[in-house]
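Have a look at the structure below before the remarks.
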Amino acid sequence: MASRTSSTLLQRCCTVSLPRSTTATLRLRPTSFSSPLRLSSVRHASYYPHLEPKPKKGVKLGHVFSVLALMGIGVTGFGLYDFYQSFTAFPSPIRAHLRTALRAINDGPAAYPRAEASFRAAYDLALELSAKGELGTREEALMKASGVAIRWGGMWEEAGELGKAAEVYQKGLEEVLKAVHAGGASKKEVMRSVAISMKLGDICVRMGGKEDLKIAEERYTWCVQEMMRLKMTPEQLEMVKVEMEGGPKEEGAAAEGKKDELETDLPSWAGDVQLVAGMERLGELYAKLGNVEYAKPLLQQTIALLLPPPPKDGSKRVIPPIPTRCHAATLMNNLSSVLVSAPSPSDKAIEDALRWSAQALTVSSKTRKDAEAARKGKVVPLAEREEAECELVAVVSTYNLGKLSELQEDKAAAKAWFEQSRAQSVRIGSREGVEQSRSALARL
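Read in full-length UniProt numbering, the sequence shown has 385 at position 385, and its numbers run on one by one without any break.
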């Protein structure tokens with residue numbers, strides 16, 4: 001699809017129903033805990049930093065909660081894999097430049113300008129030989145050349161030179177996009193373009209300028225479009241086109257209905273999860289820009305991809321894996337945060353946020369029980385458990401429920417939720433969670 005994605009095109013693809021409330025104002029109460037565990041490292045859900053009292057000095061407590069969770073790994077790792085796998089496949093002149101670049105990198109940041117010159121020479125030579133047909137097929141040539149660009153950009157990214165990294169990633173992306181836009185691109189070529197495009201968006205978000213964020217939006221939007229085209233059935237694509245264009249149109253090129261195996265050198269994160277990652281990033285960006293009306297449907301759609309609703313035909317529902325369900329719960333918390341992102345959220349926004357935080361707690365609690373039952377008593381460190389993310393979701397969702405109850409002036413419920421968040425934090429060894437809940441209780 002060549003036209004830009006709007007927020008509305010995602011709303012009808014798949015929806016998630018909010019838990020219904022039996023009263024006008026929710027009065028949610030805590031549940032109990034299981035035996036003590038410890039946590040070392042999981043992905044983090046979001047809470048409501050804009051509604052917290054401003055600290056007088058130092059770093060705000062609970063800063064760990066303020067990061068929206070993202071799935072997938074960086075594109076640099078993807079480039080390194082192909083880069084070293086194909087190193088010997090390069091003609092000797094290119095290999096010489098690459099060896100010089102790698103030696104310079106090993107010498108430390110002071111030698112990066114030398115590495116830059118060698119990478120540039122290797123990349124330019126790769127493009128030259130590619131044009132002559134001396135680097136194999138078009139796909140093979142693009143994988144090799146873009147692999148050089150990815151490693152080159154990764155060097156500057158690791159050095160904190162984000163502007164230089166963005167320039168190099170853009171350079172590598174442009175060559176791959178030429179093939180994609182020319183038509184007839186292989187799945188591998190499209191996946192490579194999506195990977196670099198998403199990385200470029202990430203870099204632009206980190207730079208944070210107005211123009212940078214605009215570029216990030218364009219990159220993320222394009223990633224979502226391309227992944228939808230690759231992963232959706234023709235019927236789903238037609239549904240998207242009708243929503244986006246306002247009525248039935250002539251059929252374009254249909255995506256494959258069947259999911260082919262990705263090429264052997266593509267890691268798992270470049271598959272279905274990449275669509276989720278793209279939608280998460282775009283939703284996060286819209287939330288950052290204050291565009292709740294765009295962020296909300298994107299996050300809802302992402303949750304639906306991770307945790308699909310029951311089939312309408314009554315067939316048996318396929319239960320997603322434990323980590324997937326936990327991450328869906330994380331995104332429910334993130335959506336709850338987005339809904340009350342205004343300085344003075346409305347009563348309805350607070351109630352909707354309560355429902356999503358409650359749903360996050362419900363999903364995480366059920367998933368934790370399922371995972372525990374599946375282990376059949378086997379002792380596994382928490383950091384190695386499939387449901388590790390769900391443990392932190394329980395901390396954040398109970399805290400969120402306390403904060404939202406506080407906004408509704410229900411201090412009894414708020415205190416109960418903060419106590420539960422504190423207890424869960426102690427149970428899993430989360431110092432940030434303990435400090436955050438204690439601060440909230442002291443405030444009450």
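The beta-carbon is built from N, C-alpha and C at its ideal position, and this holds for glycine as well.
Check	Outcome
Cβ neighbours of A287 in the same chain (closer than 6 Å, five flanking residues each side left out)	A295, V338
Through-space distance from S405 to residue 470, alpha-carbon basis	This structure gives no information on residue 470, because the portion of the chain shown stretches from 1 to 444.
Under 9 Å between C-beta atoms of L305 and L354	no
8 Å contact criterion, which I303 and L331 should meet: CB distance rounded	5 Å
F90 - DSSP class collapsed to helix/strand/coil	coil
Endpoints, alpha helix (DSSP H) assigned at P381	Segment: none, P381 is in no alpha helix (DSSP H) and carries neither H nor E.
Presumed contact (8 Å Cβ cut-off) between L285 and N334, rounded CB distance	Wrong, their Cβ atoms sit about 13 Å apart, outside the cutoff.
Within 9 Å, strictly: CB atoms of V363 and V393	yes
Chain-order list of residues whose beta-carbon lies under 6 Å from that of R281 (same chain, five-residue window excluded)	Y220
The region 94 to 104 contacting the region 117 to 127, beta-carbon criterion three pairs below 8 Å	yes
C-beta atoms of V168 and A149 nearer than 9 Å	yes
Where the alpha helix (DSSP H) through A416 begins and ends	411 to 428
Distance, L382 Cα to V340 Cα	32 Å
A444, buried or exposed, once every other Cβ within 10 Å from all chains shown has been counted against 16	According to the sequence provided, residue 444 is Leu. The question's Ala does not apply to it. Its Cβ having fewer than 16 others within 10 Å, L444 is exposed.
Same chain, Cβ closer than 8 Å to I105, five either side skipped, listed in chain order	A111, Y112, A115, M155
Cα-Cα separation between P309 and S315, rounded to whole angstroms	12 Å
For R385, the three-state DSSP class (helix, strand or coil)	coil
Residue from V292, D370, A371, T398 with nearest C-alpha to A360	T398
V180 versus L200: straight-line alpha-carbon distance, rounded	17 Å
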